[in-house]
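Protein chains in written order, with the working numbering: chain A, 142 to 431; chain B, 142 to 431.
Below, the structure is given as structure tokens:
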């Protein structure tokens with residue numbers, strides 16, 4: 142439930158001028174504006190599932206994009222049923238000045254190349270069909286200039302080879318593997334909410350730079366609610382963190398009954414050092430090493 | 142567009158324990174909670190039209206009602222097409238624990254008895270089919286106890302007669318008109334937004350206790366925008382006020398470009414003394430005189 146001063150759970154990923162939004166509940170467009178960001182440049186929206194608190198902000202978001210005179214196609218990704226849900230919600234947004242392309246997941250695991258993002262969706266266990274996301278930014282290997290000189294590759298081809306292109310120059314063929322080192326460690330963010338703690342989550346969150354996971358219930362005695370409504374307690378989520386060892390872990394999607402989720406921080410910290418974000422938190426992630 | 146600290150336009154009318162909401166844009170349920178009120182007891186929702194800023198908050202509102210374990214039927218009123226719009230939006234709210242009854246308007250003017258409210262809907266002129274509302278609370282005439290004694294009406298029937306019931310007591314018939322004076326002036330609120338200034342508005346707003354009208358554009362030079370998007374300038378709206386002479390007039394539905402609508406207050410006041418409410422304003426209206 143959206144509350145005064147607590148927006149619904151949503152995440153915007155921004156890299157190399159591209160923007161990917163995960164989930165869009167009621168008010169997400171306002172949260173975005175509070176942060177000083179705009180709906181217009183969002184290239185794609187990924188939905189975890191179709192409970193209203195994760196998707197009810199879609200029509201308003203689409204209209205704000207339209208008001209900003211967006212023309213480029215919007216891509217929407219989500220579990221089976223996406224087209225029907227989007228069509229339903231769009232009865233109140235006729236005549237958008239841009240196209241919407243829906244891509245539905247049918248397999249337990251699917252991946253999408255959406256440059257610069259590599260998106261992996263993995264099915265989790267909620268009351269309805271629900272997916273978690275691992276979004277990665279890959280990092281190429283280092284360019285070996287010495288080797289390029291040795292091979293007499295003309296300088297004008299270096300940039301193309303660095304960006305993965307192969308080149309034919311008369312009889313000569315130049316390919317990136319001739320001059321590029323092994324791919325370096327990129328970045329990955331894992332986002333997972335509205336699920337019981339299933340093994341796939343720790344597998345996908347392993348070694349992530351940032352793992353954002355629901356921390357629905359902190360209060361003792363809510364274990365049964367967590368099972369009944371297919372959510373997690375903070376303790377269950379922290380156990381996943383302990384197993385997956387992400388560089389950083391954040392909770393999200395607090396129950397409306399948890400007005401001060403931070404009170405569990407110390408106790409949860411004994412399992413894994415989880416951060417307890419509030420609205421508007423953001424984090425810059427940078428490639429590590431040369 | 143919803144903005145940080147400026148919710149979309151919506152009005153809740155409360156009388157004699159009944160609650161009637163007009164319009165429900167994105168975030169209306171949060172605005173309601175900020176005010177300290179609850180979605181649960183809302184008996185009916187009236188929509189002016191189906192642009193997203195007036196209806197996109199419906200699915201979230203329905204779910205909050207469901208979370209509060211509402212069981213009583215919700216009545217929804219609105220222009221032709223209501224059922225299709227509600228069905229579309231409700232793809233994300235399956236299994237509500239209460240019924241929804243949709244009532245569509247087909248005539249330029251329709252009225253509904255929804256005690257204690259008497260609701261008159263009147264068609265206005267917007268880009269799509271749109272209605273304004275006049276909601277009244279009627280007030281019966283005064284009970285004439287002296288006359289009741291003269292007519293030998295048993296005391297046990299007085300209360301029923303006061304509440305409009307007729308009574309048969311053996312051969313005797315007692316009817317309210319025998320003991321009730323003429324109906325006294327009740328209360329009425331008129332709500333009208335998203336329209337060009339058409340004559341029906343001043344007709345309906347005449348003598349209202351509170352007339353709430355869009356004040357979309359204050360800035361000079363926006364007259365053309367007002368005509369193009371089928372809205373009103375504050376000056377056009379104030380002219381309606383001058384003609385209709387409501388006891389009190391409020392503006393609402395400011396353009397997102399009007400960050401400080403109050404700057405036009407003095408100038409508009411020369412046409413009619415309009416108030417410039419901000420989020421969360423409310424007003425108690427009481428019957429006047431004995």
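Every residue gets a Cβ at the ideal spot worked out from N, C-alpha and C, and that includes glycine.
Nothing here was measured: the structure is a model prediction, and the numbers come from that model.
{"Item": "On the three-state DSSP scale, how would you describe residue 299(A)?", "Value": "helix"}
{"Item": "Do we get a CB-CB distance below 8 Å when we pair residue 208(B) with the residues of chain A?", "Value": "yes"}
{"Item": "Around the C-beta of residue 209(A), are 16 or more other C-beta atoms found within 10 angstroms, so that it is buried, or is it exposed?", "Value": "exposed"}
{"Item": "Let me know if residue 342(B) comes out buried or exposed under the rule of 16 or more other beta-carbons within 10 Å of its beta-carbon.", "Value": "buried"}
{"Item": "Give me the chain A residues within the contact set of residue 174(B), using Cβ-Cβ distance strictly less than 7 Å, ordered along the chain.", "Value": "144, 145"}
{"Item": "So what does DSSP say about residue 192(B), is it helix, strand or coil?", "Value": "coil"}
{"Item": "Quick check: the Cα distance between residue 281(A) and residue 417(B), rounded to an integer number of angstroms?", "Value": "58 Å"}
{"Item": "So, is the C-beta of residue 198(B) closer than 8 Å to a C-beta in chain A?", "Value": "yes"}
{"Item": "Starting from residue 340(B), trace the beta strand (DSSP E) both ways and give me its first and last residue.", "Value": "Per DSSP, residue 340(B) belongs to no beta strand (DSSP E); it is in the alpha helix (DSSP H), 340–346."}
{"Item": "Spell out a yes or no on whether the segment 313–326 of chain B and the segment 352–369 of chain B are touching, meaning 3 or more CB-CB pairs, one atom from each, closer than 8 Å.", "Value": "no"}
{"Item": "Report yes or no: is there a C-beta of chain A within less than 8 Å of the C-beta of residue 205(B)?", "Value": "yes"}
{"Item": "In angstroms, rounded to a whole number, what distance separates the CA positions of residue 332(B) and residue 260(A)?", "Value": "47 Å"}
{"Item": "Looking at residue 163(A) and residue 274(A), is the spacing between their C-beta atoms short of 8 Å?", "Value": "yes"}
{"Item": "If you compare alpha carbons, which of 349(A), 198(A), 217(A), 368(A) is closest to residue 142(A)?", "Value": "198(A)"}
{"Item": "Can residue 154(B) be considered in contact with the ligand FMN, in the sense that its beta carbon sits closer than 7 Å to one or more heavy atoms?", "Value": "Ligands displayed in this structure: none; no statement on the ligand FMN is therefore possible."}
{"Item": "Kindly list, in the order they appear in chain B, the residues whose Cβ is closer than 7 Å to that of residue 225(A).", "Value": "232"}
{"Item": "Starting from the N-terminal side, write out each stretch of the beta strand (DSSP E) that is 3 residues or longer and does not extend beyond the segment 184–263 of chain A.", "Value": "185–187, 215–220, 241–246, 250–255"}
{"Item": "Quick check on residue 396(B): buried or exposed, where buried means 16 or more other Cβ atoms within 10 Å of its Cβ?", "Value": "buried"}
{"Item": "For residue 351(B) and residue 236(B), what's the separation of their Cα atoms in angstroms?", "Value": "38 Å"}
{"Item": "Whole angstroms is fine: what's the gap from residue 177(B)'s alpha carbon to residue 382(B)'s?", "Value": "31 Å"}
{"Item": "What do you get for residue 112(A), buried or exposed, if any count of 16 or more other CB atoms within 10 angstroms of its CB means buried?", "Value": "The requested residue 112(A) is not part of the displayed model; chain A covers only 142 to 431."}
{"Item": "Along chain A, in chain order, which residues have C-beta atoms closer than 7 Å to that of residue 108(B)?", "Value": "Because chain B in this structure spans residues 142 to 431, residue 108(B) falls outside the shown range and cannot be described."}
{"Item": "Three or more C-beta pairs closer than 8 Å, one from the segment 204–218 of chain A and one from the segment 239–257 of chain A: is that the case here?", "Value": "yes"}
{"Item": "Would you list the one or two residues that DSSP bridges to residue 156(B)?", "Value": "159(B)"}
{"Item": "Note down, in chain order, each residue of its chain lying with its Cβ closer than 6 Å to the Cβ of residue 402(B), except the 5 sequence neighbours on either side.", "Value": "359, 395, 417"}
{"Item": "For the beta strand (DSSP E) containing residue 353(A), name the first residue and the last one.", "Value": "351–355"}
{"Item": "Would you say residue 171(B) faces chain A, with C-beta separation under 8 Å as the test?", "Value": "yes"}
{"Item": "Give the range of the beta strand (DSSP E) segment to which residue 328(B) is assigned.", "Value": "325–333"}
{"Item": "Ordered along the chain, which non-local residues of its own chain (more than five positions away) have a Cβ less than 6 Å from that of residue 278(A)?", "Value": "156, 257, 327, 328"}
{"Item": "Which residues bound the alpha helix (DSSP H) around residue 412(A)?", "Value": "Looking at the DSSP string, residue 412(A) is not in any alpha helix (DSSP H), and its letter there is neither H nor E."}
{"Item": "Could you compute how far the alpha carbon of residue 184(B) sits from the alpha carbon of residue 193(A)?", "Value": "21 Å"}
{"Item": "Please determine, among 361(B), 325(B), 292(B), 266(B), the residue with the shortest C-alpha to C-alpha distance to residue 335(B).", "Value": "266(B)"}
{"Item": "Should residue 330(B) and residue 312(B) be called a contact, given that it needs their Cβ atoms to be closer than 8 Å?", "Value": "no"}
{"Item": "Would residue 152(B) be called buried (16 or more neighbouring beta carbons within 10 Å of its own) or exposed?", "Value": "buried"}
{"Item": "Count the other CB atoms, across all protein chains shown, that sit within 10 Å of the CB of residue 428(B); report buried if there are 16 or more and exposed otherwise.", "Value": "exposed"}
{"Item": "Check the Cβ-Cβ distances between residue 168(A) and every residue of chain B, and say whether any is below 8 Å.", "Value": "yes"}
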